[in-house]
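**Student:** If you count the sequence shown from 1, you need to add 500 to reach this note's numbering. Idealized CB from N, CA, C, for every residue including glycine. Note that the coordinates shown come from a computational prediction; the quantities given were computed from them, not determined experimentally.
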Amino acid sequence: MSPDLFQAKISRNPKVAWQKIEDKIVAVHPEKRRIHIIYDSGVSIWEALAKPKRFEEIVDFILEDYEVGENIVNKDVGNFLKVLKDKELISLEE
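1) Return yes when the Cβ of GLY578 is within less than 9 Å of the Cβ of PHE506, no when it is not.
2) From what residue to what residue does the alpha helix (DSSP H) around LEU592 run?
3) Can you confirm whether the segment 530-542 touches the segment 573-588 when touching is taken to mean that 3 or more C-beta pairs between the two stretches lie within less than 8 Å?
4) For ILE545, count neighbouring C-beta atoms within 10 Å of its own C-beta (all shown protein chains included) and say buried if the count is 16 or more, exposed if not.
5) Would you call ILE572 buried or exposed, if buried means 16 or more other Cβ atoms sit within 10 Å of its Cβ?
6) Measure the beta-carbon distance from ARG512 to ILE590 and round it to whole angstroms, keeping in mind my assumption that it falls under 8 Å.
7) Is VAL568 helix, strand or coil by DSSP?
8) For the beta strand (DSSP E) holding VAL526, just list the boundary residues, first then last.
9) Would you mind giving the Cβ-Cβ distance between VAL528 and VAL516, rounded to the nearest angstrom? I have them listed as a contact below 8 Å.
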């Protein structure tokens with residue numbers, strides 16, 4: 501059974517090559533042969549994952565940079581991480 505997104509340590513998938521170009525992240529999953537472009541607050545989330553973090557640590561990181569309510573950040577970060585997980589751009593550990 502895979503770890504729960506909200507309880508696990510979340511990290512960038514080490515197989516994914518990526519580069520920051522201007523104000524966006526370009527990520528390439530070699531096995532999927534797909535290019536993904538990450539914009540806006542997604543870039544901040546990706547940068548927060550320079551070291552593995554738990555969901556609440558990522559939310560706190562985003563709250564430091566954006567003047568948005570915690571409920572909105574929780575929802576948006578959760579949705580974005582689910583997309584990254586589905587695209588296999590992040591890894592989850594217990």
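**Tutor:** Per the coordinate set shown:
1) If you number the sequence shown from 1, residue 506 lands on position 6. If you number the sequence shown from 1, residue 578 lands on position 78. Their beta carbons are under 9 Å apart, which means PHE506 touches GLY578 by this criterion.
2) To locate residue 592, count along the sequence shown from 1; it is residue 92. Looking at the DSSP string, LEU592 is not in any alpha helix (DSSP H); the run it does join, the beta strand (DSSP E), is 590-593.
3) yes
4) For the purposes of this step, residue 545 is taken as the residue at position 45 of the sequence shown. By the neighbour-count rule (16 or more Cβ atoms within 10 Å), ILE545 is buried.
5) Here residue 572 corresponds to residue number 72 of the sequence shown, with the count starting at 1. Classification of ILE572: exposed, given that the 10 Å Cβ count is below 16.
6) Mapped onto the sequence shown, residue 512 falls at position 12. Mapped onto the sequence shown, residue 590 falls at position 90. In this structure ARG512 is in contact with ILE590, their Cβ atoms being roughly 6 Å apart against a cut-off of 8 Å.
7) On the sequence shown, position 68 is the one that residue 568 refers to. Per DSSP, reduced to three states, the secondary structure at VAL568 is coil, with no helix or strand assignment.
8) Mapped onto the sequence shown, residue 526 falls at position 26. Unbroken beta strand (DSSP E) run through VAL526: 524-529.
9) Sequence index remark: in the sequence shown, residue 528 carries index 28 (1-based). Sequence index remark: in the sequence shown, residue 516 carries index 16 (1-based). Rounded, the Cβ-Cβ distance is 7 Å, consistent with contact.
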